[in-house]
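**Student:** In UniProt numbering, the protein residues as written are 1 to 267.
Heads up, the beta-carbon is just placed ideally off N, CA and C, and yes, glycines get one too.
One structure, as structure tokens, below. Some questions next.
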Amino acid sequence: MELSRGARVALRLAMALGLAVIYVPLALVLVNSFNASRSFAWPPSGLSTRWWTAAWQETGLREALYTSLKAGLGATAIAVVLGTMAAFAVTRYRFFGRQAVSFLLILPLALPGIVTGIALNAAFRTVLTPLGIGFGLFTVVVGHATFCIVVVFNNVAARLRRLAPTAEEASADLGAHTFQTFWYVTLPAVRSALFAGALLAFALSFDEIVVTTFTAGPGTQTLPLWIFDNLARPDQGPIVDVVAALLIVLSIVPVYLAQRLSGEVLR
Numbered sequence: 001m002e003l004s005r006g007a008r009v010a011l012r013l014a015m016a017l018g019l020a021v022i023y024v025p026l027a028l029v030l031v032n033s034f035n036a037s038r039s040f041a042w043p044p045s046g047l048s049t050r051w052w053t054a055a056w057q058e059t060g061l062r063e064a065l066y067t068s069l070k071a072g073l074g075a076t077a078i079a080v081v082l083g084t085m086a087a088f089a090v091t092r093y094r095f096f097g098r099q100a101v102s103f104l105l106i107l108p109l110a111l112p113g114i115v116t117g118i119a120l121n122a123a124f125r126t127v128l129t130p131l132g133i134g135f136g137l138f139t140v141v142v143g144h145a146t147f148c149i150v151v152v153f154n155n156v157a158a159r160l161r162r163l164a165p166t167a168e169e170a171s172a173d174l175g176a177h178t179f180q181t182f183w184y185v186t187l188p189a190v191r192s193a194l195f196a197g198a199l200l201a202f203a204l205s206f207d208e209i210v211v212t213t214f215t216a217g218p219g220t221q222t223l224p225l226w227i228f229d230n231l232a233r234p235d236q237g238p239i240v241d242v243v244a245a246l247l248i249v250l251s252i253v254p255v256y257l258a259q260r261l262s263g264e265v266l267r
């Protein structure tokens, strides 16, 4: 489709405006993390790295970061196992209710986080509390896994739908049993999609705050909860900027790797 010069200019301006709306606030956070002043005043009165040093010395911040890492890794591990198994079941087998199962697997990602959080809170109080299992890291991991499964499921299912079953059938014809076929034929074909799904699931879990609010116990604080609790404290403002800047930089890595891995499939 050929576009006029005016239409091309308008599209470029719209794209530039959209990118500016997304990334200018992020750039302001990055610059403010080096602001020598304690306030959020703009422009910065000077540049300094003292807030980065102060952030590293925050014991509560390090504990919150460690909790977020444990929750993200736990939720990702559950999501990889269950999401992959569900993807194989839906794409490789025909059974009654297959479309309904696929819909139910995707639904948690579409539901508002507060609805998921309230539902999980009620379920944990009803099922786990009578068993003596209180709110804590375990409930956070389970809560995050409910929506992380969707990411892994979508990535693996999309790859399996593009993967012809002829290679697996040829492996079986040559005498390989089910596990050998999976290990030497199927897994290498879906490995990059699986890895991309795991990276996105971890990133999704790491910055989740709404579901975490309803599933974390009194002594469990993830990094997003720490940021939320300290944002209103005037003396913690610069440190919150440092943490936000660090999260922006760290978030680029899994998203970039997942995008590269997904792009390999399309070439």
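Specify whether the segment 139-151 and the segment 190-205 touch according to this definition: at least 3 beta carbon pairs, one from each stretch, less than 8 Å apart.
**Tutor:** yes
**Student:** Let me confirm a value: S192 is counted as buried when at least 16 other C-beta atoms fall within 10 Å, else exposed. Which label applies?
**Tutor:** Under a 10 Å Cβ-count criterion, S192 is classified as buried, with 16 or more other Cβ atoms of the shown protein chains found around its own Cβ.
**Student:** Just to confirm, is the Cβ distance from I239 to A64 under 8 Å?
**Tutor:** no
**Student:** Which residue or residues does DSSP assign as beta-bridge partners of L47?
**Tutor:** N35
**Student:** Where are the alpha helix (DSSP H) runs, 4 residues long or more, that stay fully inside the segment 131-199, in chain order?
**Tutor:** Segments of the alpha helix (DSSP H) lying fully in the segment 131-199: 137-162, 166-173 and 178-181.
**Student:** Look at the alpha carbon of S48 and the alpha carbon of A164, and state the distance between them as a whole number of angstroms.
**Tutor:** 56 Å
**Student:** May I ask which residues mark the beginning and end of the alpha helix (DSSP H) holding Q99?
**Tutor:** Its alpha helix (DSSP H) spans residues R98 to A110.
**Student:** Quick one, which of V243, V152, A216 and V211 has its alpha-carbon nearest I78's?
**Tutor:** V152
**Student:** If you follow the alpha helix (DSSP H) that F88 is part of, which residue opens it and which one closes it?
**Tutor:** T59 to R92 is the span of the alpha helix (DSSP H), which, as asked, contains F88.
**Student:** Do T220 and L137 have their CB atoms nearer than 8 Å?
**Tutor:** yes
**Student:** State buried or exposed for A167, treating a residue as buried only when at least 16 other CB atoms are found within 10 Å of its CB.
**Tutor:** exposed
**Student:** What do you get for W56, buried or exposed, if any count of 16 or more other CB atoms within 10 angstroms of its CB means buried?
**Tutor:** exposed
**Student:** Distance, Cα to Cα, L111 vs R98?
**Tutor:** 21 Å
**Student:** Take the Cβ of G83 as the centre, count every other Cβ of all protein chains shown within 10 Å, and call the residue buried at 16 or more, exposed below.
**Tutor:** buried
**Student:** Considering only C-alpha positions, which residue in the set R5, P25, Y66 and V81 is nearest to L225?
**Tutor:** Y66
**Student:** Look up S251 in the DSSP assignment and say whether it is helix, strand or coil.
**Tutor:** Reduced to three states, the DSSP call for S251 is helix.
**Student:** What number of angstroms, rounded off, separates the C-alpha of P25 from the C-alpha of I248?
**Tutor:** 11 Å
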